[in-house]
Amino acid sequence: MLESQGISLINISKIEGFYMKIRAENTSRKLIQRIILVVLTFLAIGLVGFPLFWMVMSSLKPPTELFKMPPTILPQNFSLEWYREAFSNSIVVHYFLNSLIVASVTSILVIILATFGAYSLTRFRFFGRKAITIAVLSAYCIPPIMLMIPLYRIIASLQLKASLFGVIIGHMTVTFPFAIWLLIAFFRSIPREIEEAALVDGGSDITVFYKIILPLCIPGILSTGILVFILSWNEYLLASVLVSQDTMKTLTVGLANYISSVEINWGVIMALGTATTIPVVLMFTAIQRYFVEGLTAGAVKG
Amino acid sequence: MVNAEGSYLQSLKRGHNFFSSFHMRRKILGFLFIIPTILFLAIFVLYPVISNLILSFTDAKLMKSEYNFIGLDNYLKLFSSKMFLKYTWNTVIWTVFSVIGQLVLGLSLALLINREIRGGSFLRSFLLIPYVVPAVAIALITKWIFNGDYGIASKWLQDMGLIDYRQSPLALYGGAMALLVIVNIWRSYPFPMLIYWAALRGIYKELYEAANVDGANKLQCFRFITLPQLRNTTIVLVILRIVWTATYFDLIWMITGGGPAGSTTHLPIMIYQASFGSFRIGYASAISIILGIVLFICIIFYVRKSGDFAD
Chain A
46 MLESQGISLI
56 NISKIEGFYM
66 KIRAENTSRK
76 LIQRIILVVL
86 TFLAIGLVGF
96 PLFWMVMSSL
106 KPPTELFKMP
116 PTILPQNFSL
126 EWYREAFSNS
136 IVVHYFLNSL
146 IVASVTSILV
156 IILATFGAYS
166 LTRFRFFGRK
176 AITIAVLSAY
186 CIPPIMLMIP
196 LYRIIASLQL
206 KASLFGVIIG
216 HMTVTFPFAI
226 WLLIAFFRSI
236 PREIEEAALV
246 DGGSDITVFY
256 KIILPLCIPG
266 ILSTGILVFI
276 LSWNEYLLAS
286 VLVSQDTMKT
296 LTVGLANYIS
306 SVEINWGVIM
316 ALGTATTIPV
326 VLMFTAIQRY
336 FVEGLTAGAV
346 KG
Chain W
278 MVNAEGSYLQ
288 SLKRGHNFFS
298 SFHMRRKILG
308 FLFIIPTILF
318 LAIFVLYPVI
328 SNLILSFTDA
338 KLMKSEYNFI
348 GLDNYLKLFS
358 SKMFLKYTWN
368 TVIWTVFSVI
378 GQLVLGLSLA
388 LLINREIRGG
398 SFLRSFLLIP
408 YVVPAVAIAL
418 ITKWIFNGDY
428 GIASKWLQDM
438 GLIDYRQSPL
448 ALYGGAMALL
458 VIVNIWRSYP
468 FPMLIYWAAL
478 RGIYKELYEA
488 ANVDGANKLQ
498 CFRFITLPQL
508 RNTTIVLVIL
518 RIVWTATYFD
528 LIWMITGGGP
538 AGSTTHLPIM
548 IYQASFGSFR
558 IGYASAISII
568 LGIVLFICII
578 FYVRKSGDFA
588 D
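This is the structure in structure tokens:
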């Protein structure tokens, strides 16, 4: 009796020791894993952030410091001189206004068209609905480089090359399928039962759309509109081709001309690059929750 | 509630053909809503594509409105041109490495943001930023940090002895393309990251639990559960990214303009140069039709793979 108890006690303490060893190994392995994870996270943040950080920092360095080798990481003296120089040029102000007008008009028009289109494709059943959906999805894949020449000919024959309309049409062409694509995902996420109930209650289709669907979709529609704004703001190829006058160029086109000139004024283009990038990054941060929802809802089906 | 039922009954009584007229009206309304979309797509997408195809059989010039049909001449000229072969090869290199890079990086980062960690949503927002940074900003940053004289990254490479003093990798024959691919990966990984992240969240947790019970380690879980579950997502992503990368013009044009010595010229740049450099838009259209046919095949695969349009 005693003997067997003694044996079992020894065994239990042995087993306990064994388990503690495993647990210790586990925690140290967990710790190493955690460290690796943290290091990887910071590496990713650094790789993504550094180029942008460097652009902003360079734009804030005074001329004497900008070309110092080896470069200083943080500016010793912050200066806004490059920004002052950039914006004292009246053509730069033109570029900014043009970009603002083009992106605003494009996003408003695209949103109106795409909201009706996406609503129709998700809520009504009619002949050819599936074919139209496929056509929209395919249009999403047609790249600007292939639309460039025909669009140029259309715009030139309409004599719109001296205005911003050509660029607006071009930007609508490339952003419209994307907007429909996102909005279809948003509309699908709203249960049909809500509007069916309203229809049964005697609401007409138009009132159901305005009073019930539209309010529910406002976040989705707004964030799609902002995305279209960003895409239009960032677009380069069509904006550079579809306009002839210098005063009608958008920011990206003007900036691209500065980069490819022989004598590059680095300070000024760093300041302009920063001024071009910060608004869209801020806008995107504000809506990215909806963007992530919309894109992932549409995509998981794959 | 009584009201609701009342009006429902009323509308039922209103006419014996309530259902047919109601559905007819909705059909017409739905069709009215889609008409602007159809018109817009027909004028600004379908017409340009057809116009491209027609122009590719002509000797059209940019500034002239009249042109002659010359049959397959543009295509024959292209296929006998050494430059076309070289630029096609550049396009393949650019596309293959960019797509592999962004998918691998996208998946890795998706695995990272898929873990429950503190500050996870901040990390996700932060990693999405490159998606909206304008290509022109990326181009000027690249040209600045890889500037031979004042660029910080060129300085590091020079100190490591990889390139000569005061040299930029952008001026090297092979270096320029390699750098462009890296920059393009930086620009375009967020989309695959998001899609992979969504797919990862869609995998049933029970699969991992079952595997754990069977004694599988993390690597085995990844190899035998995660990867097979991501197969369809990967196919769709590969197709979409091939289409977008192979036709992507802005970045290369703004950073190297196709140089040095044509080593970074790909087909979109060749199209641009043919249209606005030598004004031969017939020839340019032929290039874009060839590129388009390859991509069209990709798009058909995409539409079939991502199918399920009837909700």
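Read top to bottom, the protein sequences are chains A and W. Reading the first sequence from the start, the letters are residues 46 to 347 in this note's numbering. Reading the second sequence from the start, the letters are residues 278 to 588 in this note's numbering. Backbone N, C-alpha and C define an ideal beta-carbon position, used for all residues, glycine too.
Close Cβ partners of residue i (< 7 angstroms) along its chain, the five nearest in sequence each way excluded
i                 : result
Gly-277 (chain A) : Gly is not the amino acid found at residue 277 (chain A); the sequence shown has Ser there. Closer than 7 angstroms at the Cβ level, and outside the excluded window around Ser-277 (chain A), lie Val-147, Ala-148, Thr-151, Ser-152, His-216, Thr-220.
Pro-120 (chain A) : Met-102, Leu-105, Lys-106, Glu-110
Arg-174 (chain A) : Leu-166
Trp-474 (chain W) : Ala-387, Ile-390, Asn-391
Thr-295 (chain A) : Tyr-140, Asn-143, Ser-144, Val-147, Val-212, Ala-284
Gly-347 (chain A) : Because the pLDDT at Gly-347 (chain A) is just 33, under 50, the model does not fix this residue reliably, and the value given afterwards should be weighed accordingly. Once the five neighbours on either side are set aside, Gly-347 (chain A) has no close Cβ partner at all.
Leu-348 (chain A) : Lying outside 46 to 347, the shown extent of chain A, residue 348 (chain A) is not represented and no answer is given.
Cβ pair residue i, residue j closer than 7 angstroms
i                 : j                 : result
Phe-231 (chain A) : Gly-318 (chain A) : no
Ile-331 (chain W) : Thr-419 (chain W) : no
Val-313 (chain A) : Trp-127 (chain A) : yes
Thr-321 (chain A) : Pro-411 (chain W) : yes
Thr-218 (chain A) : Phe-573 (chain W) : no
Ile-348 (chain A) : Ser-268 (chain A) : Not covered by the structure: residue 348 (chain A). The range shown for chain A is 46 to 347.
Pro-188 (chain A) : Thr-522 (chain W) : no
Ser-429 (chain W) : Pro-116 (chain A) : A small fix is needed here, since residue 429 (chain W) is Ile in this sequence, not Ser. Taking 7 angstroms as the Cβ cut-off, Ile-429 (chain W) and Pro-116 (chain A) qualify as a contacting pair.
Leu-203 (chain A) : Val-413 (chain W) : no
Cys-186 (chain A) : Val-520 (chain W) : yes
Leu-287 (chain A) : Pro-313 (chain W) : no
Ala-184 (chain A) : Leu-568 (chain W) : no
Ile-179 (chain A) : Val-580 (chain W) : yes
Span separating the alpha-carbon of residue i from that of residue j
i                 : j                 : result
Leu-47 (chain A)  : Ser-73 (chain A)  : Unreliable positioning characterises Leu-47 (chain A) in this predicted model, as indicated by a pLDDT of 48, which lies under 50. The coordinate reading is nonetheless provided below. Approximately 39 angstroms between the Cα atoms of the pair.
Leu-111 (chain A) : Lys-338 (chain W) : 46 angstroms
Phe-586 (chain W) : Leu-504 (chain W) : Unreliable placement is indicated for Phe-586 (chain W), whose pLDDT of 39 sits below 50; the coordinate value is still reported in the next sentence. Computed Cα separation, rounded: 26 angstroms.
Ser-103 (chain A) : Val-458 (chain W) : 24 angstroms
Ile-546 (chain W) : Ala-561 (chain W) : 10 angstroms
Arg-395 (chain W) : Leu-327 (chain A) : 22 angstroms
Ile-80 (chain A)  : Asn-71 (chain A)  : 14 angstroms
Ile-576 (chain W) : Pro-469 (chain W) : 17 angstroms
Ala-176 (chain A) : Asn-351 (chain W) : 33 angstroms
Ile-311 (chain W) : Phe-161 (chain A) : 7 angstroms
Phe-499 (chain W) : Thr-330 (chain A) : 31 angstroms
Leu-388 (chain W) : Thr-341 (chain A) : 15 angstroms
Val-137 (chain A) : Ile-90 (chain A)  : 32 angstroms
Pro-325 (chain W) : Ala-224 (chain A) : 20 angstroms
Asn-302 (chain A) : Val-181 (chain A) : 34 angstroms
Val-602 (chain W) : Leu-88 (chain A)  : With chain W running from 278 to 588 in the structure shown, residue 602 (chain W) is simply not present.
Ala-538 (chain W) : Gln-550 (chain W) : 14 angstroms
Asp-246 (chain A) : Tyr-335 (chain A) : 31 angstroms
Leu-205 (chain A) : Ile-190 (chain A) : 20 angstroms
Leu-405 (chain W) : Leu-471 (chain W) : 8 angstroms
Val-376 (chain W) : Gly-534 (chain W) : 21 angstroms
Ser-225 (chain W) : Trp-226 (chain A) : Since the displayed chain W opens at 278 and closes at 588, residue 225 (chain W) lies outside it and no answer follows.
Pro-446 (chain W) : Ile-440 (chain W) : 7 angstroms
Lys-113 (chain A) : Ser-133 (chain A) : 26 angstroms
Neighbourhood of residue i by C-beta, 8 angstroms cutoff - its chain only, sequence neighbours within 5 removed
i                 : result
Met-454 (chain W) : Asn-367, Ile-370, Trp-371, Ser-540, Thr-541
Gly-451 (chain W) : Ser-540
Asn-489 (chain W) : Cys-498
Leu-477 (chain W) : Ala-387, Leu-388, Asn-391, Thr-503, Leu-507
Arg-443 (chain W) : Gly-425, Asp-426, Gln-435
Ile-564 (chain W) : Leu-355, Phe-361, Leu-544, Met-547, Ile-548, Ala-551
Leu-528 (chain W) : Ala-412, Ile-415, Ala-416, Leu-457, Val-460, Asn-461, Arg-464
Close beta carbons around residue i, own chain, < 6 angstroms, minus the five adjacent residues each side
i                 : result
Arg-464 (chain W) : Pro-407, Ile-415
Arg-397 (chain W) : It is Gly, not Arg, that sits at residue 397 (chain W) in the sequence shown. Same-chain partners within the cutoff: there are none.
Leu-286 (chain W) : Because Leu-286 (chain W) sits at a pLDDT of 47, beneath the cut-off of 50, its placement in the model cannot be relied upon, and the point is left open.
Thr-292 (chain A) : His-139
Tyr-466 (chain W) : Gln-379, Leu-382, Gly-383
Worksheet item: Taking one C-beta from the region 226-241 of chain A and one from the region 301-310 of chain A each time, how about it: are there three or more such pairs within less than 8 angstroms?
Response: no
Worksheet item: Quick check: the region 493-512 of chain W against the region 352-365 of chain W, are there 3 or more CB pairs under 8 angstroms?
Response: no
Discussion item. Would you call the region 303-310 of chain W in contact with the region 169-177 of chain A, where contact means no fewer than 3 C-beta pairs closer than 8 angstroms?
Written reply: These segments touch.
Worksheet item: Between the region 432-445 of chain W and chain A, which residues of the former have CB atoms less than 8 angstroms from a CB of the latter, in chain order?
Response: Listed by position, the residues of the region 432-445 of chain W near chain A (Cβ gap below 8 angstroms) are Lys-432.
Worksheet item: Does the region 320-336 of chain W come close enough to the region 552-567 of chain W to have 3 or more Cβ pairs within less than 8 angstroms?
Response: yes
Discussion item. Any contact between the region 133-148 of chain A and the region 273-292 of chain A? By contact I mean 3 or more CB pairs, one from each, below 8 angstroms.
Written reply: yes
Worksheet entry | Stretch-stretch touch, CB-based, cutoff 8 angstroms, three pairs: the region 256-274 of chain A with the region 373-388 of chain W | no
Discussion item. Please identify, using Cβ separations under 8 angstroms, the residues of the region 271-293 of chain A that lie next to chain W, in order along the chain.
Written reply: Ile-275, Trp-278, Asn-279, Tyr-281, Leu-282, Val-286
Worksheet item: Of all the residues that make up the region 70-98 of chain A, which are near chain W by a beta-carbon distance shorter than 8 angstroms?
Response: Leu-82, Leu-85, Thr-86, Ala-89, Ile-90, Leu-92, Val-93, Gly-94, Pro-96, Leu-97
Worksheet item: In chain order, what residues of the region 143-158 of chain A put their CB closer than 9 angstroms to some CB of chain W?
Response: Ile-157, Leu-158
Worksheet item: Any residues in the region 105-122 of chain A with a beta carbon nearer than 7 angstroms to a beta carbon of chain W? Which ones, in chain order?
Response: Phe-112, Met-114, Pro-115, Pro-116
Worksheet item: Listed in chain order, which residues of the region 352-370 of chain W have Cβ atoms closer than 8 angstroms to some Cβ of chain A?
Response: none
Fill in: Under 8 angstroms (Cβ pairs) to chain A, residues found in the region 390-411 of chain W
Arg-392, Ile-394, Leu-400, Arg-401, Ser-402, Phe-403, Leu-404, Leu-405, Ile-406, Pro-407, Tyr-408, Val-409, Val-410, Pro-411
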